[in-house]
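Taken in sequence, the protein lines are chains A and B.
Numbered per my numbering, the first sequence spans residues 1 to 310.
Numbered per my numbering, the second sequence spans residues 311 to 640.
All C-beta atoms in this analysis are idealised placements derived from N, C-alpha and C, irrespective of residue type, glycine included.
The next block holds one structure in the form of structure tokens; read it before the comments.
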Amino acid sequence: MAKYVIKRLLILIPILFLVSIIAFGLVRLMPGNAEVAYLQAAGIPPTEELIETVRKDMGYDRPLLVQYFDWLGKAVRLDFGISYASKKVVSEELFGALQYTAKLAGFSSLIVLAVSIPMGIVSAVKSNKAPDNVNRVVAFVGASMPSFWLGPLLVQLFSLTLGWLPVQGAMSFRHLILPSITMSVLYIATYSRLLRNSLLENISKRFVTYSRARGVSENKIITNHVLRTSMIPVVTTFGINFGHMIAGSTIVEVLFSWPGLGRLIISSIAARDFPMIQGYIVLMAVIFILVNLATDLITVVLDPRMREAL
Amino acid sequence: MAKLLEVKNLDIRLKKGKETIPAVNGVSFSVEKGKTLGIIGESGSGKSLTCYGVMGLLDKKLWDYNGEVYLDGELLDIKDNKKMQKIRGNKIALIMQNPMSAFNPVITIGAHFVETINKTGETKKTKEEIRSKALELMDKMRIRDPEVVYKSYAFQLSGGMLQRIMIALALVSEPELLVADEPTTALDLTVQHEIMNILHGMQKDYETSILIVSHDLGVISHLADDIAVMYGGEFMEKGPAHKILADPEHPYTRGLFSSRPAFSKERLKMMPGSPPRLEERGTGCQFYGRCGERKNGCKEYSPDKGTMISDREVRCLLVDTEETQRKLGA
């Protein structure tokens with residue numbers, strides 16, 4: 001097990017090296033000019049002379065390879081430079097925003113699990129009867145509703161009409177509720193159906209009949225055999241999607257003015273804030289790889305068959 | 311001889327929309343104390359269904375079943391899952407075919423023992439007590455390294471090993487009746503032989519009655535005291551094993567026995583055709599379509615009970631005549 005983890009962590013190095021090349025390259029392929037954007041951000045009208053000065057200051061007049069290795073050398077020490085737009089240290093900005101995004105993704109995940117697991121169980125127990133059909137419709141609607149539409153609808157109802165929750169911002173826990181719900185609806189739909197199907201598949205497995213034949217009580221069969229085996233695909237998918245939740249919270253964050261990574265990167269791209277964009281891409285790659293590793297490890301714990309593969 | 315298990319008119323039907331299709335047509339049989347009844351027949355004849363029906367293990371969404379099942383003279387409520395739960399794994403134990411998929415792949419063999427021993431939750435035994443009991447039983451089943459096996463998962467063990475573990479699990483409660491559904495089918499020959507010896511030894515030690523189902527004549531002739539030959543959801547012939555084996559009366563039994571491989575250079579005889587699928591079954595004699603000795607009236611022949619020829623019951627028009635009755639001296 002430890003060997004496996006170390007192996008996976010070592011693979012991180014070549015992956016991150018590739019990511020760094022892509023991050024550096026992509027930013028330079030972007031349309032627009034960093035020097036102009038920089039000057040505009042500072043409120044200075046860009047002239048030929050000024051652009052030339054800024055270019056020299058930023059070191060953009062050097063060959064690309066030199067620029068790349070200069071950046072890489074610093075990035076290895078977690079120094080991603082200073083943001084052009086905010087003039088703050090990129091790594092601090094990123095970690096600050098990451099905390100907010102993690103809060104959002106974490107709370108959304110809690111909602112997802114708290115709702116989709118009971119929903120999936122009820123659907124499986126009453127499969128193809130009224131409760132299952134209701135859940136099916138709810139899941140279908142939930143899965144087809146884009147968050148940029150669902151979010152405003154929720155705001156309209158809970159903030160503007162009922163006045164229960166704030167419209168936007170991130171001051172308190174109450175601010176967290178609406179964006180989290182908006183984000184979780186799609187996943188609730190996915191997981192409740194996934195769990196239902198997985199439960200139905202496992203409940204007709206032979207090991208369930210054999211447990212009954214041994215006189216094991218129906219409750220124990222459900223918890224020890226059916227639920228346990230059915231949770232494996234749910235946990236695996238959940239792990240993969242958690243990375244997506246962190247990277248894909250952009251719309252929700254912009255909608256609710258949530259100061260997370262998604263909102264940060266949108267404004268950074270608009271401002272051609274090279275250091276910030278590069279740092280963001282690397283950070284996302286690291287998050288994805290770590291979340292996948294964690295998912296694999298949890299799967300191994302849940303499913304002993306996977307241990308053979310280690 | 312006292313009857314341990316008595317089954318009367320067990321009827322199992324497959325639900326299909328609003329209709330039901332008969333799968334087992336009101337079979338009756340009994341297993342005596344400490345004896346073995348072997349049900350033999352081709353795949354799809356309803357043997358396993360009969361076993362599961364007796365134990366109340368059929369999915370009620372799929373199957374409609376009725377019949378009286380007496381265990382030790384007591385009528386069992388085979389449709390009540392809660393009541394049957396107390397009987398199963400207690401007075402009646404089951405060993406299944408294909409042990410590879412009968413164990414849950416994500417929990418250890420030990421965990422299977424724990425839940426089997428502590429199933430009711432009334433008399434909670436400690437982990438250590440369960441472990442030593444399991445090791446003792448596995449040792450009896452001649453399982454090598456039971457400590458290692460206890461910690462293993464099903465996918466790490468062989469089919470023969472798992473089948474022996476199943477028998478060990480069945481012995482936990484020292485059941486009065488062991489239902490063995492094709493216990494040797496998925497195993498190779500030498501392991502088959504071992505399993506049969508274990509079952510035989512177990513019957514001697516515990517005086518367990520066995521209801522064994524197999525399509526393998528070798529297994530049945532090795533273990534059974536009585537034989538029931540099943541075809542199309544009905545018993546074609548039923549009686550003491552030595553009589554049926556020596557002198558099969560029903561054309562189907564004869565066909566079944568003659569398709570058994572022998573160590574000769576003769577070409578193996580084969581019964582033409584295959585058993586009817588559930589939807590294809592007609593009324594009348596189920597074997598009519600494949601019978602080489604059929605005659606007028608066979609197609610409509612569907613008596614409530616077979617003909618008794620001394621202690622044997624045969625369901626065939628050829629036997630069910632006054633002439634043959636007289637000849638056989640019933």
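At 9 Å on the CB atoms, spell out the chain B contacts of residue i, in chain order.
i         : result
Glu218(A) : Asn391, Lys392 and Gln395
Arg8(A)   : Here the premise fails: no neighbours, minimum Cβ distance about 23 Å.
Which residue marks the beginning of the beta strand (DSSP E) containing residue i, and which one marks its end?
i         : result
Lys318(B) : Lys313 to Lys326
Leu347(B) : Thr346 to Ile350
Val341(B) : Glu329 to Glu342
Trp258(A) : Trp258(A) -> no beta strand (DSSP E), and no H or E assigned at all.
Glu623(B) : Arg622 to Val624
Tyr380(B) : Trp373 to Leu381
Thr617(B) : Thr617 to Ile619
For residue i, which residues in chain B fall below 7 Å Cβ to Cβ?
i         : result
Asn197(A) : Residues of chain B passing the Cβ test: none, with the nearest at roughly 17 Å.
Glu209(A) : With the sequence shown as reference, residue 209(A) is identified as Thr, and Glu is not the correct amino acid for it. Correct list: Leu367.
His225(A) : Asn414
List, in order along the chain, the chain A residues whose C-beta lies closer than 7 Å to that of residue i?
i         : result
Tyr463(B) : Pro304
Lys429(B) : Arg214, Gly215, Val216 and Ser217
Leu479(B) : Arg214
Glu440(B) : First, the amino acid is wrong: residue 440(B) is Ile here, not Glu. The contacting residues do not exist; Ile440(B) stays about 14 Å from chain A at best.
Ile322(B) : Near Ile322(B) there are no residues of chain A at all, since even the closest Cβ is about 15 Å away, more than 7 Å.
Ile419(B) : Neighbours of Ile419(B) on chain A: none; closest Cβ ~11 Å, over 7 Å.
Taking 7 Å as the limit between beta carbons, can you name the residues of its chain near residue i, skipping five residues before and five after?
i         : result
Ile427(B) : Lys435, Ile440, Lys443 and Val482
Lys553(B) : Arg622
Phe24(A)  : Tyr68, Trp71 and Gln278
Val90(A)  : Phe80, Gly81, Ile82, Ser83, Pro275, Met276 and Gly279
In chain A, what lies closer than 8 Å to residue i by C-beta?
i         : result
Gly399(B) : Ala213, Arg214, Gly215 and Val216
Met506(B) : Here the premise fails: no neighbours, minimum Cβ distance about 21 Å.
Glu425(B) : Ser211, Arg214, Val216, Lys220 and Asn224
Leu404(B) : Tyr210, Ala213 and Arg214
Ser411(B) : Lys205, Arg206 and Phe207
Take residue i and list the residues in its own chain whose beta-carbon comes closer than 6 Å to its own, dropping the five residues that flank it on each side.
i         : result
Ser411(B) : none
Val115(A) : Ile188
Ala2(A)   : none
Ile350(A) : Shown here, chain A extends from 1 to 310; a query on residue 350(A) therefore has no answer.
Ala271(A) : Ala37, Ala41 and Ala85
Ala640(B) : Since pLDDT at Ala640(B) reaches only 46, below the 50 mark, its modelled position is unreliable, and the value read off the structure follows with that caveat. Cβ within range, chain order: Ile619.
Pro131(A) : Val122
Asp387(B) : Lys393
Lys335(B) : One point to set straight first is that residue 335(B) is Asn, not Lys, in the sequence displayed. Excluding sequence neighbours, Asn335(B) sits near Gly543 and Glu544.
Asn292(A) : none
Pro415(B) : Ala464 and Phe465
Ala538(B) : Phe339, Ile349, Phe545 and Lys548
Ser268(A) : Met276 and Ile277
Arg193(A) : Ala139
Ile478(B) : Rather than Ile, the amino acid found at residue 478(B) in this sequence is Ala. Cβ neighbours of Ala478(B) beyond the five flanking positions: Leu447, Met448 and Met451.
Glu504(B) : none
Would you mind reading off the limits of the alpha helix (DSSP H) that contains residue i?
i         : result
Gly542(B) : Counting along the chain, Gly542(B) falls outside any alpha helix (DSSP H), and DSSP gives it neither H nor E.
Ala390(A) : The shown model of chain A, from 1 to 310, leaves out residue 390(A), and the question about it has no answer.
Ser20(A)  : Ala2 to Leu29
Ser109(A) : Val90 to Val125
Asn133(A) : Ala130 to Ser144
Ala444(B) : Lys437 to Lys450
Ile405(B) : Run containing Ile405(B): none in the alpha helix (DSSP H); it sits in the beta strand (DSSP E), Ile402 to Ile405.
Using a Cβ-Cβ cut-off of 8 Å (strictly less than) and excluding sequence neighbours within five positions of residue i, which residues of its own chain qualify?
i         : result
Thr346(B) : Gln513, Ser519, Ile520, Leu521, Ile522, Leu533, Ala534, Asp535 and Asp536
Glu12(A)  : In the sequence as presented, Glu is not what sits at residue 12(A); that position holds Leu. Val286 and Ile289.
Leu39(A)  : Pro45, Pro46, Leu50, Ile51 and Val54
Below 7 Å on C-beta distance, what does residue i contact in chain E?
i         : result
Ile554(B) : No chain E is part of this structure, whose protein chains are labelled A and B.
Chain A partners of residue i, CB-CB under 9 Å?
i         : result
Ile453(B) : Those do not exist, as Ile453(B) stays about 18 Å from chain A at its closest Cβ, beyond 9 Å.
**Message:** Using a Cβ-Cβ cutoff of 7 Å, what residues of the stretch 352-372 of chain B are near chain A? List them in chain order.
**Reply:** Close to chain A, meaning a Cβ-Cβ distance shorter than 7 Å, are the following residues of the stretch 352-372 of chain B: Met365 and Leu367.
**Request:** Please determine if the stretch 253-266 of chain A and the stretch 162-180 of chain A are in contact, where contact requires at least 3 C-beta pairs separated by less than 8 Å.
**Result:** As far as the Cβ criterion goes, the stretch 253-266 of chain A touches the stretch 162-180 of chain A, which means the pair count is three or higher.
**Prompt:** Within the chosen definition, does the stretch 243-252 of chain A reach the stretch 196-204 of chain A through at least 3 CB pairs nearer than 8 Å?
**Reply:** no
**Prompt:** Does the stretch 145-154 of chain A come close enough to the stretch 217-231 of chain A to have 3 or more Cβ pairs within less than 8 Å?
**Reply:** no
**Asked** Relative to chain B, which residues along the stretch 226-253 of chain A have a C-beta separation below 9 Å, given in chain order?
**Response** Arg228, Thr229 and Ile232
**Asked** Which residues, taken in chain order from the stretch 492-504 of chain B, show a beta carbon closer than 8 Å to some beta carbon of chain A?
**Response** none
**Prompt:** Are the stretch 394-414 of chain B and the stretch 464-476 of chain B touching, with three or more C-beta to C-beta distances below 8 Å?
**Reply:** yes
**Cβ contact check for the stretch 361-378 of chain B and the stretch 315-327 of chain B: 3 or more pairs under 8 Å** = yes
**Message:** Counting only Cβ-Cβ distances shorter than 9 Å, please list the residues of the stretch 323-349 of chain B near chain A, keeping chain order.
**Reply:** Of all residues in the stretch 323-349 of chain B, none has a Cβ within less than 9 Å of some Cβ in chain A.
**Any 3 or more C-beta pairs closer than 8 Å across the stretch 179-186 of chain A and the stretch 100-118 of chain A** = Counting Cβ pairs under 8 Å, three or more are found: they touch.
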